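Student: In terms of numbering that gives the first Met the number 0, the first sequence is residues 0 to 268.
We treat Cβ as the ideally placed atom computed from N, Cα and C, and that holds for glycine.
Just so it is clear, the structure is predicted and the values come from calculations on it, not from any experiment.
Quick one: this structure, given as structure tokens, is what I'll be asking you about.
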Amino acid sequence: MNKRTLYYVVAILIVLGVYGYERFLSEEEKSEVVEEGKATKSDTNEYFLPTSTTNQIVHHEGYSLSYNEKHEQAEWVAYELKKAHLSSVNHKRPYFEIDKAIKTGAASWRNYKNSGYDRGHLCPAGDRRFSKDAHDETFLTSNISPQEHQFNSGIWNTLEQKVRYWARKYDGVFVVTGGVLKGHMKTIGTEEVSVPNQFYKVLIDNNTGKTKMIAFLMPHKDSRKPLYDFVVSVDEIEKLTGIDFFPELEDSLENKLEASSSYKDWSFN
DNA sequence: CTGGTGATC
DNA sequence: GATCACCAG
0 MNKRTLYYVV AILIVLGVYG YERFLSEEEK SEVVEEGKAT KSDTNEYFLP TSTTNQIVHH
60 EGYSLSYNEK HEQAEWVAYE LKKAHLSSVN HKRPYFEIDK AIKTGAASWR NYKNSGYDRG
120 HLCPAGDRRF SKDAHDETFL TSNISPQEHQ FNSGIWNTLE QKVRYWARKY DGVFVVTGGV
180 LKGHMKTIGT EEVSVPNQFY KVLIDNNTGK TKMIAFLMPH KDSRKPLYDF VVSVDEIEKL
240 TGIDFFPELE DSLENKLEAS SSYKDWSFN
């Protein structure tokens, strides 16, 4: 065998090897995560996971969530948005699927049909564009909440884009998002999916040396106010939702950061 | 980017 | 039900 042929054979073997490995990974994902919702998560993910008020945490490949059966949606969705996750690859939008990992039964997408409300992503599809699987995984019904289109495509979208900006600038952020599932709420569909009156987003950056947090609380309506007008302390969101956001942080650091509603460490430019 | 709807097979 | 074309903020 001459040298040229040898290189050719080696190249083929590498391609087949990578293909086989990806197949292996996708099989593993199917059996463990999508169907069973078992606890496969990164250490970072585990460290920053909030508490669940409903005792139903489900882990997917690209995000974890706590499902509230009564309100037929997640009380929080949490994921790490790494700088390396940011991608300009476009994927075709899939159909929403009922999340089989929710043991009490996740809401059907039919509840949203002709409801007048968007199927608003909690973990945005735009944050999971680095692979088709990660992107498609955001189209599970456990990852959506009814949102007014003007809100979703307006100030909420602006906030989501700002999060991507911060992920790029600060080399990744950890994100927790949800609707405030309290008080009187409108419902949609036969399963009575609650329409939150407020949405929140909590961010922590623990990888640029100094740990920093920022939290947003927004009324469920579009606004032309600047984003920083919606900054609140993490404590305020914990008080509203009953969720403890970063229980595994060292207590004195947690107390100090969660009490602050300062946004001086976060660039709004 | 964030989304929806109507026609078609 | 799946797809494609077309629509809006």
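(1) Using a 10 Å radius around the Cβ and a threshold of 16 neighbouring Cβ atoms, would you call residue 241 buried or exposed?
(2) Mind checking residue 149: buried by the 16 CB within 10 Å criterion, or exposed?
(3) Could you give the distance in angstroms between the alpha-carbon of residue 210 and the alpha-carbon of residue 138?
(4) For residue 41, count neighbouring C-beta atoms within 10 Å of its own C-beta (all shown protein chains included) and say buried if the count is 16 or more, exposed if not.
(5) Candidates 182, 93 and 194: which alpha carbon is nearest residue 220's?
(6) Under three-state DSSP, which class holds residue 119?
(7) Using CA atoms only, rank isn't needed, just tell me which of 112, 78, 79 and 261 is closest to residue 213.
(8) Can you check DSSP and say which residues form a bridge with residue 269?
(9) Determine, using beta carbons only, whether residue 252 and residue 176 come nearer to each other than 8 Å.
(10) Please go through the same chain and pick out, in chain order, the residues whose beta-carbon is closer than 6 Å to the beta-carbon of residue 154, but skip the five residues on each side of it.
(11) Could you tell me the alpha carbon to alpha carbon distance between residue 255 and residue 118, rounded to whole angstroms?
(12) Is it buried or exposed for residue 162, if we count other Cβ within 10 angstroms and need 16 for buried?
(13) Excluding the five sequence neighbours on either side, which residues of its own chain have a C-beta within less than 6 Å of the C-beta of residue 80, listed in chain order?
(14) Are the segment 82-99 and the segment 44-53 touching, with three or more C-beta to C-beta distances below 8 Å?
Tutor: The relevant details are as follows:
(1) As a working mapping, residue 241 is identified with position 242 in the first sequence. Answer is exposed; the Cβ neighbour count stays below 16.
(2) The residue you call residue 149 lines up with position 150 of the first sequence. That one is exposed.
(3) Along the first sequence, read from residue 1 onward, the residue named residue 210 stands at position 211. Along the first sequence, read from residue 1 onward, the residue named residue 138 stands at position 139. A straight line joining the alpha-carbon of residue 210 with that of residue 138 spans about 31 Å.
(4) Counting from one through the first sequence, the residue named residue 41 turns up at place 42. Here residue 41 scores only 48 on pLDDT, less than 50, and its place in the model should not be relied on; the value that follows carries that caveat. With fewer than 16 other Cβ atoms from the protein chains shown falling within 10 Å of its own Cβ, residue 41 counts as exposed.
(5) Position 221 of the first sequence, counting from 1, holds the residue named residue 220. Restricting attention to 182, 93 and 194, the CA atom closest to the CA of residue 220 is found in 194.
(6) Along the first sequence, read from residue 1 onward, the residue named residue 119 stands at position 120. Three-state DSSP puts residue 119 in a strand.
(7) Within the first sequence, residue 213 is the residue found at index 214, counting from 1. Considering only alpha carbons, the answer is 261.
(8) Outside the modelled stretch of the chain, which goes from 0 to 268, sits residue 269, for which no answer is possible.
(9) By one-based count along the first sequence, residue 252 stands at place 253. By one-based count along the first sequence, residue 176 stands at place 177. Taking 8 Å as the Cβ cut-off, residue 252 and residue 176 do not qualify as a contacting pair.
(10) Here residue 154 refers to the residue found at position 155 when the first sequence is read from its first residue. Here the set comprises 221 and 222.
(11) As a working mapping, residue 255 is identified with position 256 in the first sequence. As a working mapping, residue 118 is identified with position 119 in the first sequence. Per the coordinates, the alpha-carbon of residue 255 lies some 36 Å from the alpha-carbon of residue 118.
(12) Here residue 162 refers to the residue found at position 163 when the first sequence is read from its first residue. Around the C-beta of residue 162, 16 or more other C-beta atoms lie within 10 Å, and the residue is accordingly described as buried.
(13) For the purposes of this step, residue 80 is identified with residue 81 of the first sequence, where counting begins at 1. Answer for residue 80: 126, 166, 172 and 174, listed in chain order.
(14) Contact fails: fewer than three Cβ-Cβ distances are below 8 Å.
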